[in-house]
Amino acid sequence: MTDEFHKPTQFSGSKFDEFEGGLDPAQISSVAHDTAAALLARVRGNSDAAVVERMIAYTDVHGIDAVAELWARASPRSLPGALWRIYLMRAFVRQDADTASYLYQRGTEVTPTIDHVVAGASTPTGPAEILTLADEILRGAFQGDFAVALDRAASFCRLTAGGATSLADDVDPTSPDRATELTTRALRLSETAAELASCAKLWRHGQLD
């Protein structure tokens, strides 16, 4: 999913030049895990709802790069990897809520699973509803059951992948390039869904770090 949107430019990567140049991959991984654990513990341990709302809006102000610099290279099945994918999912939705909601709604129509129940978006699901869902999932990561937030994000990704695959089949006869783009998106979303679902299982067993 990491290629599904253009990263905002509000954040200057120069702040991390020294960080990237001075640490080896093992140290970078350690920093990613430590910062993710510290952030989650601090926010979840704070009863001030305003703190959670600031974390939800953080990338709106600073850009997704601010999170990517710390967590994007972490293992997909790790705490920083899980948080990165939830933030990434929200950025994907916010960049193009019209497309995200269309693919999601299409996915609910062609995917015979309970994913629409798990994801929990209001129906019918338009741009406003999909934006609300993305915020709710990220908020749940900081306030509610973290595994549930991961499961909801995974279900969102599976449904959106299903919608993208269905649309790709429709447009393939007249727009093969568009069909290829949609198929590629569906594959990435499916991979992200599997990673998030694995993280949810690890969290429930106390093994996500």
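Under the numbering used here, the letters of the sequence shown match residues 1307 to 1515, in that order. For glycine and all other residues, C-beta sits at the position ideal for the given N, C-alpha and C.
CB contact flag (residue i, residue j, <8 Å)
i, j, result
"A1406", "I1436", "yes"
"L1385", "L1346", "yes"
"A1506", "A1453", "yes"
"A1467", "A1492", "yes"
"A1488", "L1473", "The identity of residue 1488 in the sequence shown is Leu, whereas the question assumes Ala. Closer than 8 Å, so yes."
"G1469", "R1412", "yes"
"A1434", "L1376", "no"
"C1463", "L1508", "no"
"A1447", "L1439", "no"
"T1365", "A1397", "yes"
"L1456", "T1417", "no"
"R1348", "S1504", "no"
Residue environment, residue i, which counts as buried when at least 16 other CB atoms sit within 10 Å
i, result
"Q1316", "Any reading at Q1316 needs caution, since the residue's pLDDT is 37, under 50, leaving its predicted position unreliable; the model's value is listed next. So Q1316 ends up on the exposed side."
"R1458", "buried"
"V1399", "buried"
"D1421", "buried"
"A1291", "What is shown of the chain runs 1307 to 1515, which leaves residue 1291 out entirely."
"Q1333", "exposed"
"T1419", "exposed"
"G1351", "exposed"
"R1425", "In the sequence on display, residue 1425 carries Ala and not Arg. Buried, since its Cβ has 16 or more Cβ neighbours within 10 Å."
"T1498", "buried"
"T1414", "buried"
"G1327", "Low confidence applies here, because G1327 scores a pLDDT of 46, under 50, leaving its location unreliable and the question unanswered by this model."
"T1429", "exposed"
"T1486", "exposed"
"A1355", "exposed"
Quiz item: Would you call the stretch 1373-1392 and the stretch 1334-1351 in contact, with 3 or more CB pairs under 8 Å?
Solution: Yes, they touch.
Exercise. Please confirm if the stretch 1366-1378 is in contact with the stretch 1393-1402, defined as three or more CB-CB distances below 8 Å between the two stretches.
Key: With the cut-off at 8 Å, the stretch 1366-1378 and the stretch 1393-1402 touch.
Exercise. Enumerate, from N- to C-terminal direction, the unbroken beta strand (DSSP E) stretches of 3 or more residues contained entirely within the stretch 1356-1391.
Key: Look at the stretch 1356-1391 and you find no whole run of beta strand (DSSP E) that is 3 residues long or longer.
Self-check item: At least three beta-carbon pairs within less than 8 Å, the stretch 1343-1363 to the stretch 1468-1487
Solution: With the cut-off at 8 Å, the stretch 1343-1363 and the stretch 1468-1487 do not touch.
Exercise. Just list the beta strand (DSSP E) runs in the stretch 1403-1470, keeping only unbroken ones of 3 residues or longer that don't cross its boundaries, in chain order.
Key: No beta strand (DSSP E) of 3 residues or more sits fully in the stretch 1403-1470.
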